[in-house]
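Student:
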Amino acid sequence: MTHSDAPRIHLGPAPAPEWLAEAVRAGGGHLVDAADAEAIVWANAREVDELNAVLGNSDRIRWVQLPFAGIENFVDHLDHDRVWTCGKGVYAEPVAEMALALGLAGLRNVGRYAGATEWTGAAGRNLLDGRVTILGGGGITESLVRLLQPWHCHITVVRNNAQHMDGVDEVLEADRFADALPGADLVVLALALTSETEGMFSADEFGLMEPHAWIVNVARGRHIVTDDLVDALQSGTIGGAALDVTDPEPLPPGHPLWSLPNCIITPHVGNTPEMAKPLLAQRVTENVRRFARGEDLIGLVDVDAGY
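So the sequence shown is residues 266 to 572, counted in the working numbering.
(1) Comparing C-alpha positions only, which one of 317, 353, 300 sits nearest to residue 576?
(2) In the DSSP assignment, find the unbroken alpha helix (DSSP H) run with residue 405 in it and report its ends.
(3) With a threshold of 16 other CB atoms inside 10 Å of the CB of residue 491, please say whether the residue is buried or exposed.
(4) Mind checking who residue 498 pairs with in its DSSP beta bridge?
(5) Let me know the alpha helix (DSSP H) ranges lying completely inside the stretch 295 to 323, each 4 residues or longer, listed in chain order.
(6) Leaving out five residues before and five after residue 408 in sequence, what residues of the same chain have Cβ atoms less than 7 Å from its Cβ?
(7) Measure the C-alpha to C-alpha separation of residue 340 and residue 364 and round it to an integer number of angstroms.
(8) Helix, strand or coil: how does DSSP classify residue 216 here?
(9) Skipping 5 residues on each side, what residues in its chain have a beta carbon closer than 6 Å to that of residue 384?
(10) Between the C-alpha atoms of residue 483 and residue 510, what's the straight-line distance to the nearest angstrom?
(11) Which term fits residue 454, buried or exposed, when burial requires 16 or more other beta carbons within 10 angstroms of its beta carbon?
(12) Going by C-alpha to C-alpha distance, which of 569, 556, 545, 555 sits closest to residue 351?
(13) Can you tell me the Cα-Cα spacing of residue 405 and residue 480, whole angstroms?
(14) As a quick exercise: from 433, 515, 528, 518, pick the residue whose alpha carbon is nearest that of residue 496.
(15) Please go through the same chain and pick out, in chain order, the residues whose beta-carbon is closer than 8 Å to the beta-carbon of residue 493, but skip the five residues on each side of it.
(16) At a cut of 8 Å, does the stretch 513 to 533 reach the stretch 556 to 571 through at least three beta carbon pairs?
If you want it as structure tokens, here you go:
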């Protein structure tokens, strides 16, 4: 494919990483300045204003690729004039692996054991034959359901569209998510942050969970009302929380969650940069190829839904 035939892609913001530039080239794209571009691959989820400025100065842009599955920073600037794609499904495998690791660590008392300074008694609960509720029906959930199969769990998934999912025992509509909390040993949050899901876990929802149950959050910290979580952990309303994301984030030193023995915190590392680069590069390469051929792109953003 010659430069005249290749899709003209602008990579931003500067300085753009070379590995992402290579991913564009591998898909047959020709890197150009924003003024000459018909598509943008955007590498920084925080530089929203700069992206808006680029789009405002060009009416030729037909496609925008965003770097992560979570696009809450960009929601107010989405439009129907272009095709928007994001990292949906790109990081599903490593994040699902983290969700499983955190869930096992919580149920099997690993957090308390790790912080102990003397030999302690037996504690913990099996995941084997347990009941797992997962909120969200995207790629992370699909991967986690597959990883859970050897444990023979009863799996309930809550999602916007209650359609059959392989390996899942029950699928509920999103407005019934409270029905999936009683009886669950493990509750996993793996859904997009929207105005409907922000603060969805507060005192009432924790009150529906089992006293031994653990909640695992690998989605966004703002799904959970943090003060209510602290109360639930301190009072024994739930068994524990394992959080790869928090609100606020980063969680400041001295915050009560750091000192609670039934809380495990990891610093948003379900998908590390080392894991992310090859996965995102592969997605960008494939989407550039599809864009050049006029085919449907992967990871389409639902502009109206905001994810």
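Note that beta-carbon positions come from the ideal geometry of N, C-alpha and C, so glycine has one too.
Please read all numbers here as calculations on a predicted model, not as lab measurements.
Tutor: The relevant details are as follows:
(1) Residue 576 lies beyond the stretch modelled for the chain, which goes from 266 to 572, so this question has no answer here.
(2) Note, residue 405: alpha helix (DSSP H), 404 to 413.
(3) Buried, by the Cβ-count rule.
(4) DSSP lists no beta-bridge partner residue for residue 498.
(5) Taken in chain order, the whole alpha helix (DSSP H) runs of length 4 or more contained in the stretch 295 to 323 are 313 to 321.
(6) These residues qualify, in order along the chain: 357, 358, 361.
(7) Taking C-alpha positions only, residue 340 is separated from residue 364 by approximately 26 Å.
(8) Any property of residue 216 remains undetermined from this structure, which presents the chain solely from 266 to 572.
(9) Taken in chain order, the list of residues that qualify is empty.
(10) Residue 483 and residue 510 have their C-alpha atoms some 6 Å from each other.
(11) Buried: at least 16 other Cβ atoms inside 10 Å.
(12) Residue 351 has its Cα closest to that of 545, out of 569, 556, 545, 555.
(13) Residue 405 and residue 480: Cα-Cα distance of roughly 16 Å.
(14) Comparing Cα-Cα distances from residue 496 to each of 433, 515, 528, 518, the minimum goes to 528.
(15) Its chain contains 466, 467, 468, 471 as the residues whose beta carbon lies nearer than 8 Å to that of residue 493, once the 5 sequence neighbours on both sides are disregarded; these appear in chain order.
(16) By the Cβ test, the stretch 513 to 533 is not in contact with the stretch 556 to 571, since fewer than three Cβ pairs between them sit closer than 8 Å.
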